[in-house]
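Novice: In my numbering, the protein residues as written are 113 to 566.
Each residue gets a CB set at the ideal place from its N, CA and C atoms; glycine is no exception.
None of the values given here were measured: they were computed from a predicted structure.
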Ligand SMILES: Cc1cc2nc3c(=O)[nH]c(=O)nc-3n(C[C@H](O)[C@H](O)[C@H](O)COP(=O)(O)OP(=O)(O)OC[C@H]3O[C@@H](n4cnc5c(N)ncnc54)[C@H](O)[C@@H]3O)c2cc1C
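1. Can you say whether residue 199 is buried or exposed, counting buried as having 16 or more other CB atoms within 10 angstroms of its CB?
2. Buried or exposed: residue 291, going by 16 or more other Cβ atoms within 10 Å of its Cβ?
3. If we count the other Cβ atoms within 10 Å of its Cβ and call it buried at 16 or more, is residue 128 buried or exposed?
4. Can you pull the DSSP bridge partners for residue 188?
5. Between 119, 438, 381 and 536, which has its C-alpha nearest residue 310's C-alpha?
6. I'd like the span of the alpha helix (DSSP H) that includes residue 450, first residue to last.
7. I'd like the list of long-range same chain contacts for residue 164, defined as Cβ closer than 6 Å, with 5 residues on each side in sequence excluded.
8. Could you name the residues that DSSP lists as bridge partners for residue 301?
9. Below 7 Å, is the gap between the Cβ of residue 421 and the nearest heavy atom of ligand 1?
10. Run the CB neighbour count on residue 562, radius 10 Å, all protein chains shown included, and call it buried at 16 or more, exposed below.
11. In the DSSP assignment, find the beta strand (DSSP E) that holds residue 480 and state where it starts and stops.
12. Return yes when the Cβ of residue 398 is within less than 8 Å of the Cβ of residue 430, no when it is not.
13. Please look up how many angstroms separate the CB atoms of residue 392 and residue 540, rounded, as I've assumed it's under 8 Å.
14. Is residue 344 a contact residue of ligand 1, with contact defined as CB to any heavy atom under 7 Å?
15. Just to confirm the assignment: which complete beta strand (DSSP E) runs, minimum length 3, are found wholly within the stretch 233-292?
16. When the Cα atoms are used, what is the spatial distance from residue 350 to residue 125?
17. In its own chain, which residues sit with a C-beta less than 6 Å from the C-beta of residue 426, not counting the 5 before and 5 after it?
18. Check each candidate in 159, 122, 130 and 138 and name the one with the smallest Cα separation from residue 147.
19. Alpha carbon to alpha carbon, how far is residue 235 from residue 120?
20. Cβ-heavy atom distance between residue 390 and ligand 3 below 7 Å?
21. Residue 336: beta carbon under 7 Å from a heavy atom of ligand 1?
22. Consider the C-beta atom of residue 276 and the heavy atoms of ligand 1; say whether any pair is separated by less than 7 Å.
23. Flag this pair as yes or no: are the beta carbons of residue 461 and residue 517 separated by less than 8 Å?
24. In the DSSP assignment, find the beta strand (DSSP E) that holds residue 201 and state where it starts and stops.
25. Which residue's Cα is closest to the Cα of residue 339: 559, 379 and 254?
26. Whole angstroms are fine: how far does the CA of residue 232 sit from the CA of residue 526?
27. I'd like the list of long-range same chain contacts for residue 487, defined as Cβ closer than 6 Å, with 5 residues on each side in sequence excluded.
28. Let me know the secondary structure DSSP gives residue 564 once reduced to three states.
29. Evaluate contact between the stretch 461-474 and the stretch 198-212, counting only Cβ atoms and requiring at least three cross-stretch pairs below 8 Å.
30. Using a Cβ distance threshold of 8 Å, determine whether the stretch 247-258 contacts the stretch 360-378, with at least three qualifying pairs required.
31. For ligand 1, is there a heavy atom less than 7 Å away from the beta-carbon of residue 414?
32. To the nearest whole angstrom, what separates the beta carbons of residue 162 and residue 189, a pair I think is in contact under 8 Å?
33. Just tell me which of 352, 323, 450 and 548 has its CA closest to the CA of residue 478.
34. By DSSP's criteria, residue 536 is part of a beta bridge. Which residues make up the other side?
35. Skipping 5 residues on each side, what residues in its chain have a beta carbon closer than 8 Å to that of residue 521?
36. Rounded to whole angstroms, what is the Cα-Cα separation between residue 325 and residue 538?
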C-alpha cells in the first residue's frame, strides 16, 4: 500500500479516519476548508449537539478515544414526550443499563478528534479547500485560502470526508467517475439555545431527549454539559399556516410557540433575537454510486451517504464507516480492492439507515402521540424480555447493537412491526394481548440473532 494518504475534511469523519490510518503506519495529510476550530470560534453551521450511540462508540473505542470523549457525554435513557395538553411522559429507549444515547457537543467532540489526529502524527492543514480532481492524472487540486494559492497533490489514496456537499464527489460526477443525487427534505430546522438556570443547572429534566410532537412538525431538545439545552424546531419549508416561510417573522413564530410550545417559550427570554439570528438549515439524503475512483479516492461519511437527522445516526454511521475501513485495511493488499470491498459492504446498510431515518421523522413528530404506539413499544420490550435472542425492537437494533447491520435491523424490524400491529389492534393494555401465540410466531419466523443480546 502507498505510504502517504490524503484526507479531506476535519468534521466528524476526517480526523477519525486520519487517526486510524496513522496508527496503521501511513503518513497522513489532512486538508480542511475552515479555520482550526480549536483556536477560532466558528459558527456551529449545523447541529450544536448530536446523539452518540453504539456504532459511534464502537468506532471511538477502536481508535482508543472513548475515554477522552466521556467527560463530554450527557446520557439520555428515553424520550420525554411533551403532549399538547401540557403533560409529559417518559418512554424509555431500551431496558438494559447500557441501552442509552449520549448527547455530545459537536465542537467538543471535534476538538478531541482533531487533537487525537494531531497526536497520531496527522499533518493538519486548515483553510485549505479541495477544488477538484483530475482522475486521469491522479491529482487532487487544493487551494490554500490564506495564501490564495492552488496546488496539486497525488491521490491514491485520498479519503474524502468533506461532508454532504463534497467537492470530491462533485469532481467524480463531473469526470463521469460516479453519479449522485441529492433528495432534499421539504422540511427545515432552526436551533434555539435554552439557557441554564441562574445556579447553572438545567431547566428541563435530565436523562432524556425531549420531544414536543405536533403532527406535521415538532420541537426537540438535547442537553449540554454547561447547563443549557439545544432545542431544534423542525417545520415544513413552505406552506400555510405553519412553515418557516409563513413564520419568517419572529413575532409570527412567537404566536406558534405561545400555542404549541408555551413551556419552552417560557425558557427562552431572548426568543425573538435568537429566532431572527439563527439560520434555517436544510436536510438531505445523498445517493452516490460508486463511492470510489479505483484505488485513487474513496468517499466516506456524509460525502458518500448523508442522511436526514431523525434517527441520530449520520455521525454514528460515518464513524462505523471508519471502523469498517479499518477492518478492511487489516486484510486487503491494495487500495483498489479495499475501496471496492468497502463500497460493496456498506451500500445496503447505508441505504437501509437512510430509509429508517426518514421513517423516524414521522414517528417522532406524529406516531409517538398515538396511544397505540405506546402499547406497541411496551409490547416490544416485553417480547424482548421473553425472546432476547430473537426479538429486539428495531430502534434498539439500530441504536444499541453495533453488531447487527442496519439492513438486518430494517428487515427484522419490518417483520416485527407487522406482528406488533396485528397483536395490538383493538387492544389498549399489555395484559389484553395474548402472548403465547405471538411467541410461537416469533420462534417460527425470526431466526435467533447470531450474536446473543448482552
Ligand atoms: C440538524 C442535524 C442534527 C444531527 N444530529 C445527529 C445526531 O444526533 N447523531 C448523529 O449521529 N448524526 C447527526 N447528524 C448528522 C451528522 O452531523 C453528520 O452525519 C456528520 O457530521 C457527518 O460527518 P462528516 O465528517 O462526514 O461531515 P461533516 O461533519 O459535515 O464534515 C465535513 C468537513 O469537511 C469540510 N469541507 C467541506 N468542503 C470542503 C472542501 N472542499 N475541502 C476541504 N474541506 C471541506 C467541512 O468544513 C467540514 O469540516 C445531524 C445532522 C444535522 C444537520
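Specialist: Answer, in terms of the structure:
1. Result: exposed.
2. exposed
3. buried
4. 213 and 319
5. For the residues 119, 438, 381 and 536, the minimum Cα distance to residue 310 belongs to 381.
6. 447-477
7. 214 and 216
8. 346 and 393, per the DSSP bridge assignment.
9. For residue 421, the distance from the CB to the nearest heavy atom of ligand 1 is below 7 Å.
10. exposed
11. Where residue 480 is concerned, there is no enclosing beta strand (DSSP E), given that its DSSP letter is neither H nor E.
12. no
13. At roughly 40 Å, the Cβ-Cβ gap does not stay under 8 Å, so residue 392 and residue 540 are not in contact.
14. yes
15. 235-237, 240-246, 251-256, 261-266 and 270-272
16. 32 Å
17. 419
18. 122
19. 12 Å
20. Among the ligands in the structure shown, ligand 3 does not appear; only ligand 1 can be found there.
21. no
22. Look at residue 276: its beta carbon is less than 7 Å from one of the heavy atoms in ligand 1.
23. yes
24. 200-204
25. 379
26. 43 Å
27. 536
28. Caution is warranted here: a pLDDT of 48 is assigned to residue 564, below 50, making its placement in the model unreliable, and no coordinate value can be reported.
29. no
30. Result no; under three Cβ-Cβ pairs closer than 8 Å.
31. yes
32. Their Cβ separation, rounded to whole angstroms, is 17 Å, which puts residue 162 and residue 189 out of contact at 8 Å.
33. 323
34. None; residue 536 has no bridge partner.
35. 464, 468, 506, 509, 510 and 513
36. Near 24 Å, if we compare the C-alpha coordinates of residue 538 and residue 325.
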